[in-house]
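First comes the structure, then the notes that go with it.
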Amino acid sequence: MFDIKLVGDDKVLLEGRFDASRTALANTILDKLAVTTTIDMSRLEYISSAGLGALIAARQRLAGQGGKLVISGANHHVMHVMKLARLDLIFEFM
Amino acid sequence: MQLTAPKRLESLDAVFSFLTDCQNHYKIDGDSVYALSIAVEEVFTNLIKYSPGKGVDVTINFELKESTISVQLIDYEAVNFDLTKLDTPDMEQLALNGSAGGRGIYLVKQLMDAVSYRYHEGTSEITLLLKVRKEYV
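If you read the sequences in order, they're chains A and B. Be aware that the first sequence starts at 0, since it is given in numbering that gives the first Met the number 0, and climbs by one per residue. Be aware that the second sequence starts at 0, since it is given in numbering that gives the first Met the number 0, and climbs by one per residue.
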């Protein structure tokens, strides 16, 4: 199961398993982001390199518009994968 | 335990469900299964991206012997692409460049204790080994 919701215009809720089969769905939301946005991962159970890639692409696009992605609520598994990929260098965490 | 699934993204749900069944059957801890889930997804999607025979069945064999998990992915219509010999990408550089891809096999190598590859007459066998950190029973 995977779900992604845009709350207002500056918060995205991720839920479930963000694997390679979910990137198209995720991009329907991530492509809409236009301002600094918090990615709420408190209900995200799993993310693979495909999910990370979708977030990185969104971050790059937002950065071009002066915005940022801020990560919140990542569980220790998700955080471990993000740190292995050294995404702690480019995302803000709260 | 064994799963046979078509080589396409829509099979990932069945692959994860299979790994959960293996977790419950062998009573494997969540950290190990998380690492295996990442590794199996990355290898499986690599097979989809880089080998012919889209939709052809891939067999996944899961075993636990002497506290070591072995997951073998067999692709019966594969190109000879030895992922164990790929150069290790610089994760810092990839991150700072904002590159969206190039991390999958790196994560596999980081999360597994060993990865091996064999190829013979169009069939590839990729084996992931992971020592179980702890059991929850």
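We put the CB at the ideal spot given by N, CA and C, even for glycine. Remember, predicted model here, so these are calculated numbers, not experimental data.
Compute the beta-carbon to beta-carbon distance between residue i and residue j, rounded to the nearest angstrom, for a pair I have assumed lies under 8 Å.
| i | j | result |
| --- | --- | --- |
| arginine 7 (chain B) | isoleucine 47 (chain B) | 6 Å |
| serine 71 (chain A) | threonine 37 (chain A) | 6 Å |
| threonine 27 (chain A) | glycine 50 (chain A) | In fact, because the Cβ distance is near 14 Å, the residues do not count as touching under 8 Å. |
| aspartate 20 (chain B) | methionine 0 (chain B) | 7 Å |
| leucine 35 (chain B) | valine 57 (chain B) | Not quite, the Cβ-Cβ distance comes to about 16 Å (not below 8 Å), so this is no contact. |
| alanine 38 (chain B) | valine 131 (chain B) | Rounded, the Cβ-Cβ distance is 14 Å, inconsistent with contact. |
| aspartate 39 (chain A) | lysine 67 (chain A) | With a Cβ gap of about 15 Å, aspartate 39 (chain A) and lysine 67 (chain A) do not count as contacting. |
Would you list the residues sitting across from residue i in a DSSP beta bridge?
| i | result |
| --- | --- |
| leucine 128 (chain B) | B:Ser69, B:Ala113 |
| valine 78 (chain B) | According to DSSP, valine 78 (chain B) bridges with nothing at all. |
| glycine 15 (chain A) | A:Phe1, A:Leu43 |
| phenylalanine 61 (chain B) | B:Val70 |
| isoleucine 38 (chain A) | A:Val11, A:Ile70 |
Report the rounded CA-to-CA distance for residue i versus residue j, giving the unit in angstroms.
| i | j | result |
| --- | --- | --- |
| lysine 53 (chain B) | serine 20 (chain A) | 15 Å |
| valine 136 (chain B) | glutamine 22 (chain B) | Interpretation of valine 136 (chain B) is limited by its pLDDT of 35, a score under 50 that renders its predicted location unreliable; the figure taken from the coordinates is listed afterwards. The straight-line gap from Cα to Cα measures roughly 12 Å. |
| serine 47 (chain A) | tyrosine 25 (chain B) | 24 Å |
| methionine 81 (chain A) | aspartate 87 (chain A) | 7 Å |
| aspartate 74 (chain B) | histidine 119 (chain B) | 11 Å |
| asparagine 74 (chain A) | glycine 63 (chain A) | 29 Å |
If I measure Cβ to Cβ from residue i and keep anything under 8 Å in the same chain, skipping five residues before and after, which residues do I get?
| i | result |
| --- | --- |
| arginine 102 (chain B) | Pro88, Met90, Leu93 |
If I follow the unbroken alpha helix (DSSP H) through residue i, where does it start and stop?
| i | result |
| --- | --- |
| lysine 82 (chain A) | 75-83 |
| threonine 19 (chain B) | 11-25 |
Give every residue of the same chain whose Cβ lies closer than 7 Å to the Cβ of residue i, excluding the five residues on either side of it in the sequence, and list them in chain order.
| i | result |
| --- | --- |
| valine 78 (chain B) | Tyr49, Ser50, Pro51 |
What residues in its chain sit with their C-beta under 6 Å from that of residue i, if we drop five residues either side in the sequence?
| i | result |
| --- | --- |
| arginine 117 (chain B) | Glu124 |
| threonine 83 (chain B) | Val114, Tyr116 |
Between which two residues does the beta strand (DSSP E) carrying residue i extend?
| i | result |
| --- | --- |
| threonine 3 (chain B) | 1-5 |
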